[in-house]
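Engineer: Below you will find the structure I want to go over with you.
Now the structure itself:
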């Protein structure tokens, strides 16, 4: 028999009959191997040598919001890899479905503090199964969790908002800490006796948390192979275009770089399209959405479970004011955001997702004034095997001060939900976007599994008139890659071309059919301002289908603007860009086609042919549509698109107006925009909410011509009905061209 100072007695003293309602949260954790499916247990479990398969995946460790998981990975990639392995052998992202009920004592302590994420306690850094620091010192909060101090608040789950990093800022990054047994010991040193004395917060298998006997339980929904996510397994060897990399080690030993920070943190380098612009916050937001999209495709592997929607999680979780004294006392209440379902303190009555405590409702939250010292209680030891090999840990520094806006804005949450529903992918510079499709039943065709529609015939009749002689096509080297396809430099009949092909290990009949539709749509365009599709080639193997496109020898417009300034690139030159931009849009709109993703990244520049519009995987031959949000990048998106309303070609005009702002400033729209009320830089989440409400406008440079400013503001009018048409814009630009030529 062992003596244990329990935390139950403290909780009874402070609880006043109140009990936290269960929170369900979807989170992520970076590991050095994938989980194992245990058929007997009917669940994914840990695979760490000598460890308990259920306990080890949550044995005093940290997790991240799914939307912010990449920040940790990106920071560790800068540490170097002399053996061609990632830091801590990172190779897999595990997706957790976690339920939490906090100890009342921790709610009494942390519940009203503005520096805390509502519903959570202090974040406690945890490494290798212990909250002892890497130098061997024991922080005060670690002693408290071990019940080695004068105060004990139970094994509470902690959280903190990670607002920035030297390796790349990500929005929506929240880190969580989960204390289990023997928090002062590393995995390998935890004994059965220690676990019995300090049982920690993890509930036994099959037991729900109650905030008294245990704090949290979990299920692993599935996992994401990191090499597949970032595109390593979609790339070929430098000197052998027929061989694909098996893993990151082969990729590295072939002389390629996954991600590197240079110039004392000012620039980054990567051979992967996935990690491009690593210090760009907007690019990082896109990267996070790619992770979610990828899981929704990859999860169709056996026994993997799809993400629940943020809306369904919110509907089944309690209102924040029920669990959080802070949310109960704030004027506008709180809203639940992200897959992690953290509570965001609201600052306006206009947010429809905010829920305030009803005025006639009284909640008796626990109070520390009623707490007393815990008595000793006799319990029986329950041995449990101790891990001998530690999983990698998402460790962080100390708690950051005030939680500013705690991941503001349901706007981005709504955007992220709708984005996932489209299953779209950001393309590489030369590629045409994957056509929006239903990928909820995707199975790896090349791995030998059946496709979701294996019995369906792919209809290539629409491509017969576009069919080229396959013997005249030569594919040289890869110049860009997306989630399902790559774009290669090649030649057709000795003329340079860009060749798009589906990845051989990502082929289904559905993807081929969507690809065929995309080629057919591109082939129907005939404009000097749109990248031309010369045709398609295929053999008796459907996965050999290719799209042969016009090759553009320079960068996209975003890259051109980034390497020039308003002084070095005068408006006389920009007028040519504008003429081509509106010429391409005009051609689409005359055919009732909405581009839906018009932005500088999708405007390619050639040294002889000028600027041309590309990326038509998101386009639809429909003059009006109600389509899912998230296909385009939100900084260029019209308010009606962000809000999910019906929209028309006027949405493209709005995006054109935002691109005019880029032409003027050479910066991304809303870059460095500050909140007038606080003077602080606006985050992507607050920007997308404000854009969706039509509450902000971009800024122009002091040297911007008046007519450009006027035209841009007309194009980005909140009311789509008063925006000019493509033809009207063309006439305005033409008159200015004539004026400059006089």
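Residue numbers (our numbering): 5 to 746. We put the CB at the ideal spot given by N, CA and C, even for glycine. As the structure is a prediction and not an experimental result, all values here were calculated from the model.
Assign residue 534 to buried or exposed, taking buried as 16 or more other Cβ atoms, counted over all protein chains shown, within 10 Å of its Cβ.
Structural biologist: Within the chain shown, the letter at position 530 stands for residue 534. In this structure residue 534 is buried. Its beta-carbon is surrounded by 16 or more other beta-carbon atoms within 10 angstroms.
Engineer: If you reduce the DSSP assignment to three classes, tell me which class residue 99 lands in.
Structural biologist: If you number the chain shown from 1, residue 99 lands on position 95. If DSSP states are grouped into helix, strand and coil, residue 99 belongs with the strands.
Engineer: How about residue 589: is its C-beta nearer than 7 Å to some C-beta of chain B?
Structural biologist: Included in the structure is just one protein chain, with no chain B present.
Engineer: Going by DSSP in three states, residue 299 sits in which element: helix, strand or coil?
Structural biologist: Looking up residue 299 in the chain shown gives position 295. It is helical.
Engineer: Any idea what DSSP makes of residue 262, helix, strand or coil?
Structural biologist: Numbered from its first residue, the chain shown carries residue 262 at position 258. Of the three classes helix, strand and coil, the one that applies to residue 262 here is coil, per DSSP.
Engineer: Beta-carbon within less than 6 Å of residue 448's beta-carbon, same chain only, minus the 5 sequence neighbours each way: which residues are those?
Structural biologist: In the chain shown, residue 448 corresponds to position 444, counting from 1. Note that residue 448 scores a pLDDT of 25, beneath 50, so its modelled location is shaky; the value from the coordinates is reported in the next line. For residue 448, there are no CB contacts under 6 Å within the same chain when 5 residues up- and downstream are skipped.
Engineer: What is the DSSP secondary structure of residue 476, counted as helix, strand or coil?
Structural biologist: Residue numbering aside, residue 476 sits at position 472 when the chain shown is read from its first letter. Residue 476 falls in the helix class under three-state DSSP.
Engineer: Please classify residue 134: is it buried, with 16 or more other beta-carbons within 10 angstroms of its beta-carbon, or exposed?
Structural biologist: By one-based count along the chain shown, residue 134 stands at place 130. Burial call: buried.
Engineer: Report yes if the C-beta distance between residue 702 and residue 665 is below 7 Å; otherwise report no.
Structural biologist: The residue given as residue 702 occupies position 698 in the chain shown. The residue given as residue 665 occupies position 661 in the chain shown. Result yes, Cβ atoms of residue 702 and residue 665 sit closer than 7 Å.
Engineer: Hey, could you find the ends of the beta strand (DSSP E) residue 48 is sitting in?
Structural biologist: Within the chain shown, numbered from 1, the residue matching residue 48 stands at position 44. It spans 47–49 - the beta strand (DSSP E) in which residue 48 sits, taken as one unbroken run.
Engineer: Assign residue 640 to one of three DSSP states: helix, strand, or coil.
Structural biologist: If you number the chain shown from 1, residue 640 lands on position 636. Three-state DSSP puts residue 640 in a helix.
Engineer: Determine the contact status of residue 125 and residue 160, defining contact as a CB-CB distance below 7 Å.
Structural biologist: What you label residue 125 is simply residue 121 of the chain shown in a count that begins at 1. What you label residue 160 is simply residue 156 of the chain shown in a count that begins at 1. For the pair residue 125 and residue 160, the CB atoms are nearer than the 7 Å cut-off.
Engineer: DSSP three-state label for residue 200, please.
Structural biologist: Numbered from 1 along the chain shown, position 196 holds the residue referred to as residue 200. Helix at residue 200.
Engineer: What residue from 108, 738 and 322 has the CA that sits closest to residue 580's CA?
Structural biologist: On the chain shown, residue 580 is found 576 positions in, with the first residue counted as 1. Among 108, 738 and 322, the Cα nearest to that of residue 580 belongs to 738.
Engineer: Report the option in 223, 536 and 519 whose CA atom is closest to the CA atom of residue 542.
Structural biologist: Taking the first residue of the chain shown as position 1, residue 542 is located at position 538. Cα-wise, what sits closest to residue 542 is 519.
Engineer: In terms of DSSP beta bridges, what is residue 227 paired with?
Structural biologist: As a first step, residue 227 must be located in the chain shown, where it is residue number 223. BP columns for residue 227 point to 98.
Engineer: In the DSSP assignment, what are the bridge partners of residue 221?
Structural biologist: Working through the chain shown from its first residue, we reach residue 221 at position 217. In DSSP, residue 221 forms a bridge with 103.
Engineer: Expressed to the nearest angstrom, what Euclidean distance is found between the alpha-carbon atoms of residue 285 and residue 231?
Structural biologist: Here residue 285 is taken as the residue at index 281 of the chain shown, counted from 1. Here residue 231 is taken as the residue at index 227 of the chain shown, counted from 1. Approximately 22 Å, taken between the alpha carbons.
Engineer: When you compare each of 714, 575 and 651 to residue 745 by their alpha carbons, which one comes out closest?
Structural biologist: Within the chain shown, the letter at position 741 stands for residue 745. Comparing Cα positions, the closest option is 575.
Engineer: For residue 291, which residues from the same chain have a beta carbon less than 6 Å from its beta carbon, with the 5 sequence-adjacent residues on both sides left out?
Structural biologist: Taking the first residue of the chain shown as position 1, residue 291 is located at position 287. Answer for residue 291: 74, listed in chain order.
Engineer: Residues bridged to residue 551 by DSSP?
Structural biologist: Looking up residue 551 in the chain shown gives position 547. Note: residue 551 is bridge-paired with 504 and 540 in the DSSP secondary-structure output.
Engineer: Sorted by chain position, which residues of the same chain lie with C-beta nearer than 7 Å to residue 467's C-beta, five sequence neighbours on each side aside?
Structural biologist: Numbered from 1 along the chain shown, position 463 holds the residue referred to as residue 467. Closer than 7 Å at Cβ, skipping near neighbours: 520, 523, 524 and 540.
Engineer: Straight-line CA distance for residue 319 to residue 345?
Structural biologist: Translated into the one-based positions of the chain shown, residue 319 becomes position 315. Translated into the one-based positions of the chain shown, residue 345 becomes position 341. Their backbone Cα atoms lie some 11 Å apart in a straight line.
Engineer: Relative to the C-alpha of residue 356, which candidate in 497, 119 and 341 has its C-alpha closest?
Structural biologist: On the chain shown, residue 356 is found 352 positions in, with the first residue counted as 1. Of the listed residues, the one whose Cα sits closest to residue 356 is 341.
Engineer: Which runs of the beta strand (DSSP E) spanning at least 3 residues fall entirely within the stretch 228–259, listed in chain order?
Structural biologist: 244–248
Engineer: For residue 80 and residue 92, what's the separation of their Cα atoms in angstroms?
Structural biologist: As a working mapping, residue 80 is identified with position 76 in the chain shown. As a working mapping, residue 92 is identified with position 88 in the chain shown. Each residue's Cα considered, the two are about 8 Å apart.
Engineer: Buried or exposed: residue 189, going by 16 or more other Cβ atoms within 10 Å of its Cβ?
Structural biologist: On the chain shown, residue 189 is found 185 positions in, with the first residue counted as 1. Under this definition residue 189 is a buried residue.
Engineer: Can we say the stretch 26–45 touches the stretch 66–73, given the rule of at least three CB pairs closer than 8 Å?
Structural biologist: yes
Engineer: Taking the C-alpha atoms as reference points, what is the distance between residue 235 and residue 568?
Structural biologist: In the chain shown, residue 235 corresponds to position 231, counting from 1. In the chain shown, residue 568 corresponds to position 564, counting from 1. For residue 235 and residue 568, the distance between alpha carbons rounds to 30 Å.
Engineer: Would you mind stating whether residue 370 and residue 108 have Cβ atoms separated by less than 7 Å?
Structural biologist: Taking the chain shown and counting its residues from 1, the one referred to as residue 370 is at position 366. Taking the chain shown and counting its residues from 1, the one referred to as residue 108 is at position 104. In contact: residue 370 and residue 108 (Cβ atoms closer than 7 Å).
Engineer: Is DSSP giving residue 725 helix, strand or coil here?
Structural biologist: Taking the chain shown and counting its residues from 1, the one referred to as residue 725 is at position 721. Here residue 725 carries a helix assignment [DSSP, helix/strand/coil].
Engineer: How far does the beta strand (DSSP E) with residue 589 in it reach, from first residue to last?
Structural biologist: The residue you call residue 589 lines up with position 585 of the chain shown. Not the beta strand (DSSP E): residue 589 falls in the alpha helix (DSSP H), residues 575–594.
Engineer: Does residue 705 pass the burial test, meaning 16 or more other C-beta atoms within 10 Å, or should it be called exposed?
Structural biologist: The sequence position of residue 705 within the chain shown is 701, counting from 1. Residue 705 is exposed by the Cβ-count criterion.
Engineer: Would you call residue 209 buried or exposed, if buried means 16 or more other Cβ atoms sit within 10 Å of its Cβ?
Structural biologist: The residue given as residue 209 occupies position 205 in the chain shown. Classification for residue 209: exposed.
Engineer: Exposed or buried, residue 119, counting other C-beta atoms within 10 Å across all chains shown (16 or more means buried)?
Structural biologist: Mapped onto the chain shown, residue 119 falls at position 115. When all chains shown are included, residue 119 counts as exposed.
Engineer: Helix or strand or just coil, what does DSSP make of residue 179?
Structural biologist: Here residue 179 is taken as the residue at index 175 of the chain shown, counted from 1. In the structure shown, residue 179 sits in a strand (DSSP, three-state: E or B).
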